[in-house]
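First residue of the sequence shown? That's 5 in my numbering, and the numbers climb one at a time after it. Using N, Cα and C, we set each Cβ at its ideal position, and we do this for glycine too. Given the structure is predicted, the values throughout are model-derived calculations rather than measurements. Heads up, the thing below is written out as structure tokens.
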Amino acid sequence: MITGDLKSQIDRIWNDFWTGGISNPLTVIEQFTYLIFLKQLDDKQILIEKEIAMLGGTTKKMIYAESQKELRWSYFKDKDPEVMFDLFRKPQRHLNDLTAFDFMKTLGADGGKFTEYIKGATFMIDTPKLLDKVVQQIDKLPLSNRDTKGDLYEYMLGKIAEAGTNGQFRTPRHIIRMMVELTQPKADDTICDPSLGTAGFLVAAGQYFHDKHDKLFLDKSFREHYNTNMFNGLEIDPSMMRIASMNLQLHGIESPQLVGGSALAENNTINGKYSLVLANPPFKGALDYDEVESSLLQITKTKKTELLFLSLILRMLKLGGRAAVIVPDGVLFGSSGAHKNIRKELVENQQLQGVISLPSGVFKPYAGVSTAILLFTKTNSGGTDKVWFYDMQTDGFSLDDKRNAQISEEVFEQCFTNPESVLKEFKGKCDIPNILLDWKSINEKRPADNFADRTQKSFLIPKADIAANDYDLSINRYKEIIYDEVIYEKPQTLIADIKAIDQKRMEAMLDLEKMLG
Numbered sequence: 005m006i007t008g009d010l011k012s013q014i015d016r017i018w019n020d021f022w023t024g025g026i027s028n029p030l031t032v033i034e035q036f037t038y039l040i041f042l043k044q045l046d047d048k049q050i051l052i053e054k055e056i057a058m059l060g061g062t063t064k065k066m067i068y069a070e071s072q073k074e075l076r077w078s079y080f081k082d083k084d085p086e087v088m089f090d091l092f093r094k095p096q097r098h099l100n101d102l103t104a105f106d107f108m109k110t111l112g113a114d115g116g117k118f119t120e121y122i123k124g125a126t127f128m129i130d131t132p133k134l135l136d137k138v139v140q141q142i143d144k145l146p147l148s149n150r151d152t153k154g155d156l157y158e159y160m161l162g163k164i165a166e167a168g169t170n171g172q173f174r175t176p177r178h179i180i181r182m183m184v185e186l187t188q189p190k191a192d193d194t195i196c197d198p199s200l201g202t203a204g205f206l207v208a209a210g211q212y213f214h215d216k217h218d219k220l221f222l223d224k225s226f227r228e229h230y231n232t233n234m235f236n237g238l239e240i241d242p243s244m245m246r247i248a249s250m251n252l253q254l255h256g257i258e259s260p261q262l263v264g265g266s267a268l269a270e271n272n273t274i275n276g277k278y279s280l281v282l283a284n285p286p287f288k289g290a291l292d293y294d295e296v297e298s299s300l301l302q303i304t305k306t307k308k309t310e311l312l313f314l315s316l317i318l319r320m321l322k323l324g325g326r327a328a329v330i331v332p333d334g335v336l337f338g339s340s341g342a343h344k345n346i347r348k349e350l351v352e353n354q355q356l357q358g359v360i361s362l363p364s365g366v367f368k369p370y371a372g373v374s375t376a377i378l379l380f381t382k383t384n385s386g387g388t389d390k391v392w393f394y395d396m397q398t399d400g401f402s403l404d405d406k407r408n409a410q411i412s413e414e415v416f417e418q419c420f421t422n423p424e425s426v427l428k429e430f431k432g433k434c435d436i437p438n439i440l441l442d443w444k445s446i447n448e449k450r451p452a453d454n455f456a457d458r459t460q461k462s463f464l465i466p467k468a469d470i471a472a473n474d475y476d477l478s479i480n481r482y483k484e485i486i487y488d489e490v491i492y493e494k495p496q497t498l499i500a501d502i503k504a505i506d507q508k509r510m511e512a513m514l515d516l517e518k519m520l521g
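The following block contains the structure:
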């Protein structure tokens, strides 16, 4: 968990960018990311040099040649701001016209996954003073600890949402974590997010193993799988791809399989590859039929991206693969043929297990759309018996544009580590502990918890009822509301009461007149 002191350091860096004329939050994070990467390159070189000094040699490849020492963080950070700025801005003739910034683009695979996505990267810090300020502050950040550097980057990414710009790229962290807890990633899973954004889902899935199954990292084969094949993502925006790859790298995921380009395009032919999909696909947008990979239209012929992504996810999953996907409410009750077809596909041909209705304020301040989480397994042979519905009304934050925390960060952590212990304390403030416990109970099929009462937040609906309702998955279709009986007085009684009050008023006025003479 990030400390107040670290938050203050990040806030200062952020403010320096803004006062220095860089106000777009995505640009701030990109420039911040490039500088962190340069520091990491130099830190790796220092470790290699220490290994050579201690052991007399190494099998690792040097990052910087001896002649390139001027391009290293440890060299330029102590130089005058103007000298440092020249190393970033002016090609150095004696170094094959390289700059400290452009050096990153020469590394290729040797620089890790991040360098695959920086071909179009641009250095946008315009003054020596700003560059020096930011470099000196980044130099003080604790970037050697995986948890700390991951948390500080997550905090920086959180500022995208705070700024109210490009917030669509960021799903609230606690909602992501809840979805990961619901799907419980396994050691042999191959996990994918087809609308990657900043890689929040993949980061949370990776953290799940550190929190719940730390001993797995003692197994060499698991470590190799974790670092190379477990985490996969697709993203159309090159800026997001750079940010996502750095986010994963800072969280200790060294070589994720990331693919640039539209997940829905013809050239994406991924089929039956992943065992777990976690996603919050784009809600708005439409594509022409000729832009969409043809197999996606077989399940549901539509131009709507939210429906096409569900079709894509089903295609990308292996048999037995699970998914947790955020969708707009329109997917649940839309009356078009395409909407009905995708719902029927999930209920009849796959195994739909759960529908969690999220509060409409979850994505505020940048979106007020009502959403839900679909939980399903790919079977291609049906298997839906009863579908669990949960009416989530609170998520631990106010549901207005301010999104103020209703619970302290330390206590909120217990949602995921020990949900039973906070049920009373969180009542009316956060439904996450109840959701996790109810889902566990349903999957363990405890006879005491039959979830038959539709007046509660959590209940089970038989498949036959859903089919009879045209596969409508909106919770309001099935939830029963008990209304308190209100008894009103008869009009004659009310009129008599008004006359009595009026008579008392007149008598009081007469008494007052007598008192005044």
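Beta-carbon gap between residue i and residue j smaller than 8 angstroms
{"i": "L378", "j": "V329", "result": "yes"}
{"i": "P198", "j": "A283", "result": "yes"}
{"i": "P260", "j": "G276", "result": "no"}
{"i": "L262", "j": "E228", "result": "no"}
{"i": "M244", "j": "G201", "result": "yes"}
{"i": "L99", "j": "Q140", "result": "no"}
{"i": "A208", "j": "I247", "result": "no"}
{"i": "M160", "j": "I195", "result": "no"}
{"i": "L254", "j": "Y157", "result": "yes"}
{"i": "D474", "j": "K344", "result": "yes"}
{"i": "L280", "j": "D193", "result": "yes"}
{"i": "D20", "j": "K137", "result": "yes"}
{"i": "K94", "j": "K109", "result": "no"}
Bounding residues of the alpha helix (DSSP H) (the contiguous stretch that carries residue i)
{"i": "G341", "result": "341-348"}
{"i": "N454", "result": "Looking at the DSSP string, N454 is not in any alpha helix (DSSP H), and its letter there is neither H nor E."}
{"i": "L379", "result": "Note, L379: premise wrong, no alpha helix (DSSP H); beta strand (DSSP E) at 375-381."}
{"i": "Q188", "result": "Looking at the DSSP string, Q188 is not in any alpha helix (DSSP H), and its letter there is neither H nor E."}
{"i": "I14", "result": "8-23"}
{"i": "E517", "result": "495-519"}
{"i": "K322", "result": "Premise fails: K322 lies in the beta strand (DSSP E), 321-332, not in any alpha helix (DSSP H)."}
{"i": "G210", "result": "204-216"}
{"i": "A471", "result": "467-472"}
{"i": "D395", "result": "No alpha helix (DSSP H) contains D395, which is instead part of the beta strand (DSSP E) from 390-395."}
Anticipated Cβ contact below 8 angstroms, residue i with residue j, distance rounded
{"i": "A327", "j": "F380", "result": "6 angstroms"}
{"i": "F41", "j": "F118", "result": "6 angstroms"}
{"i": "K54", "j": "D143", "result": "The pair is not a contact, with the Cβ atoms about 19 angstroms apart (cut-off 8 angstroms)."}
{"i": "H178", "j": "G400", "result": "6 angstroms"}
{"i": "Y121", "j": "P242", "result": "6 angstroms"}
{"i": "L318", "j": "K382", "result": "6 angstroms"}
{"i": "P423", "j": "V373", "result": "Wrong, their Cβ atoms sit about 27 angstroms apart, outside the cutoff."}
{"i": "L75", "j": "L102", "result": "7 angstroms"}
{"i": "I67", "j": "Q49", "result": "5 angstroms"}
{"i": "I274", "j": "M320", "result": "5 angstroms"}
{"i": "N353", "j": "G386", "result": "6 angstroms"}
{"i": "F226", "j": "A191", "result": "6 angstroms"}
{"i": "L464", "j": "K406", "result": "Rounded, the Cβ-Cβ distance is 36 angstroms, inconsistent with contact."}
Distance cut-off 7 angstroms: residue i Cβ against heavy atoms of the ligand COA
{"i": "L477", "result": "For the ligand COA, the structure offers nothing, since it holds no ligand at all."}
Nonlocal neighbours in the same chain, by C-beta distance under 7 angstroms from residue i, ignoring five residues either side
{"i": "T306", "result": "L312, A342"}
{"i": "S524", "result": "The structure shown does not extend to residue 524, since the chain is modelled only from 5 to 521, so the question has no answer here."}
{"i": "R458", "result": "Y482, K483, E484"}
{"i": "W77", "result": "L42, K43, D46"}
Sequence-distant residues of the same chain with beta carbon closer than 6 angstroms to residue i, five excluded per side
{"i": "A167", "result": "Bear in mind that the predicted position of A167 carries a pLDDT of just 48, short of 50, making it unreliable; the figure below should be weighed with that in mind. The answer, listed in chain order, is P29."}
{"i": "M250", "result": "T37, F118"}
{"i": "V335", "result": "E310"}
{"i": "T169", "result": "Interpretation of T169 is limited by its pLDDT of 45, a score under 50 that renders its predicted location unreliable; the figure taken from the coordinates is listed afterwards. Closer than 6 angstroms at the Cβ level, and outside the excluded window around T169, lie P29."}
{"i": "D90", "result": "none"}
{"i": "T152", "result": "P146"}
{"i": "K518", "result": "none"}
Beta carbon proximity, residue i to chain C, threshold 8 angstroms
{"i": "A376", "result": "The chain inventory of the structure shown lacks chain C, comprising one protein chain alone."}
Same chain, Cβ closer than 8 angstroms to residue i, five either side skipped, listed in chain order
{"i": "Q496", "result": "none"}
{"i": "L362", "result": "I179, I330, S374, T375, A376, I377, M396, D399"}
{"i": "R16", "result": "Q141"}
{"i": "N490", "result": "Sequence inspection shows Val at residue 490; the Asn mentioned does not correspond to that position. If we look at V490 and ignore the five residues flanking it on each side, it has no Cβ neighbours."}
{"i": "K11", "result": "Y159"}
Residue i, enclosing beta strand (DSSP E) - first and last residue
{"i": "K308", "result": "Careful: K308 lies outside any beta strand (DSSP E) and carries neither H nor E."}
{"i": "L102", "result": "Here L102 belongs to no beta strand (DSSP E), and DSSP marks it neither H nor E."}
{"i": "D197", "result": "195-197"}
Touching by the beta-carbon criterion (3+ pairs, under 8 angstroms), the segment 264-277 and the segment 174-189: Judged by Cβ distances under 8 angstroms, the segment 264-277 makes no contact with the segment 174-189, as fewer than three pairs qualify.
Cβ pair count under 8 angstroms reaching 3, the segment 22-41 against the segment 124-133: Output reads yes: the segment 124-133 touches the segment 22-41.
Three or more C-beta pairs below 8 angstroms linking the segment 342-356 and the segment 436-456: For the pair of segments examined, the segment 342-356 was found not to touch the segment 436-456: the number of CB pairs separated by less than 8 angstroms stays below three.
At least three beta-carbon pairs within less than 8 angstroms, the segment 393-404 to the segment 357-366: Segment contact: the segment 393-404 against the segment 357-366, three or more CB-CB distances shorter than 8 angstroms; contact assigned.
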